[in-house]
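Q:
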Amino acid sequence: MILSMTGIGRSRHQDDQIQATVEVRAVNNKYLKLNLRLPDALNGKESEIDRLVRKYLERGTISINVQLTWVRQVSPYVIDEATLNQYVQQARHASERMHIQPPEKLSDYFSLPGVIADQSASLDDEGEEEWAVFQVALKSALDQLNVFRTTEGQAMSDALSRYCDEIAASVLVVQERSPLVVESYRNRVKDRVNEWLSDQGVQIETNDILREICIFSDRCDITEEITRLQSHVSQFRDFLQEKNSAGRKLDFLCQEMFRETNTIGSKANDIEISHRVVDMKATIEKIREIVQNIE
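1312 is the number of the first residue of the sequence shown in the working numbering; add one for each residue after it.
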């Protein structure tokens, strides 16, 4: 299964108080790199986000943009009724002893120390409430991203399979043409030598020509390169069908296919084979461009 390293996923999740909106964008990279834009409430959660993302992705530059909004505003200030009750009871006792009227309004007690408690710190709870909502939205966005990457990866796999067919067809032509190269060279050498020596009245020995042909044949033999190139193409196809995306393996095979193709071109000494080599190089470059975006 081929997975693209590029894609986008968006998700939104909320509870009765907080709404989290998450957008995840991915582009190609040899390694996994996170670019985070987080609200203050999620500061310090970078390592946890990193661990979560690595469960979904292995490579790529991942940009995560997060927005948190309060759906229902909650006041961070509450009345401490126990403290307020103590103040009221003390005020009544003091009023009875002093024969004066105690305060009649509760608001008269609100300015006293401890009556109004500031719970902003406890509401924040180190971002745990925000994290709970954000985590659900992030997982959903990553799921959407993977759907995008799988769909694009399938298109990549189809294109790579077609390119493998093109290379295999060219290799077959080269394989069939290869034996004719030596035969053509033998005829050319024999004709040229005999033409040159005919004016001199000298006849060259056949063994001398055979020796020269053997040297040429050994120098331009591409059987081994053809075999390796066919093996690389076959292995490339197998990697396309693996359960896990094999971007690094495919990238390595691209380099090996290019190396064998280049060697065939330098050794073949034949115009038709050279034309096929140019076609294969162009196809391998197309493959390499796609592979650079595969996880």
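The C-beta atom is built at its ideal place from N, Cα and C for all residues, glycine as well.
All values derive from a computational prediction rather than experimental measurement.
Given that a residue counts as buried once 16 or more other Cβ atoms are within 10 Å of its Cβ, and exposed if not, what is S1431?
A: Your numbering for residue 1431 matches position 120 in the sequence shown. In this prediction, S1431 has a pLDDT of 48, which is less than 50 and means its spatial position is unreliable; what the coordinates show is noted afterwards. Its Cβ having fewer than 16 others within 10 Å, S1431 is exposed.
Q: Quick check: what's the CA-CA separation for E1567 versus S1542?
A: As a position in the sequence shown, residue 1567 is number 256, starting the count at 1. As a position in the sequence shown, residue 1542 is number 231, starting the count at 1. If you take the alpha carbons of E1567 and S1542, they lie about 10 Å apart.
Q: S1374 and R1336 look like a contact to me (Cβ under 8 Å); what is the Cβ gap, rounded to whole Å?
A: Locating residue 1374 in the sequence shown gives position 63, counting from the first residue. Locating residue 1336 in the sequence shown gives position 25, counting from the first residue. Yes, they are in contact, since the Cβ atoms of S1374 and R1336 sit about 5 Å apart, within 8 Å.
Q: With DSSP collapsed to three states, give me the class of A1557.
A: As a working mapping, residue 1557 is identified with position 246 in the sequence shown. A1557 falls in the coil class under three-state DSSP.
Q: Can you tell me whether G1425 is helix, strand or coil according to DSSP?
A: Counted from its first residue, the sequence shown places residue 1425 at position 114. Note: G1425 maps to coil in three-state DSSP.
Q: Cα separation between A1393 and D1326?
A: As a position in the sequence shown, residue 1393 is number 82, starting the count at 1. As a position in the sequence shown, residue 1326 is number 15, starting the count at 1. For A1393 and D1326, the distance between alpha carbons rounds to 31 Å.
Q: Between the beta-carbon of K1560 and the beta-carbon of F1550, is there less than 7 Å?
A: Here residue 1560 is taken as the residue at index 249 of the sequence shown, counted from 1. Here residue 1550 is taken as the residue at index 239 of the sequence shown, counted from 1. Taking 7 Å as the Cβ cut-off, K1560 and F1550 qualify as a contacting pair.
Q: Please list, in chain order, all residues of the same chain as A1428 whose beta carbon is under 6 Å from its beta carbon, the five residues on each side excluded.
A: As a position in the sequence shown, residue 1428 is number 117, starting the count at 1. Result list for A1428: V1389, D1391, in chain order.
Q: Is it buried or exposed, N1354, if we count other Cβ atoms within 10 angstroms and call 16 or more buried?
A: On the sequence shown, residue 1354 is found 43 positions in, with the first residue counted as 1. N1354 is exposed by the Cβ-count criterion.
Q: Taking E1606 and S1556 to be in contact with their CB atoms under 8 Å, please state how far apart those CB atoms are, rounded to whole angstroms.
A: As a first step, residue 1606 is located in the sequence shown; it is residue number 295 there, counting from the start. As a first step, residue 1556 is located in the sequence shown; it is residue number 245 there, counting from the start. Their Cβ separation, rounded to whole angstroms, is 4 Å, which keeps E1606 and S1556 in contact under 8 Å.
Q: First and last residue of the alpha helix (DSSP H) that includes Q1400?
A: Position 89 of the sequence shown, counted from the first residue, corresponds to residue 1400. It spans 1392-1409 - the alpha helix (DSSP H) in which Q1400 sits, taken as one unbroken run.
Q: Hey, how far is the Cα of I1319 from the Cα of L1363?
A: The residue given as residue 1319 occupies position 8 in the sequence shown. The residue given as residue 1363 occupies position 52 in the sequence shown. The alpha-carbon atoms of I1319 and L1363 are separated by roughly 17 Å.
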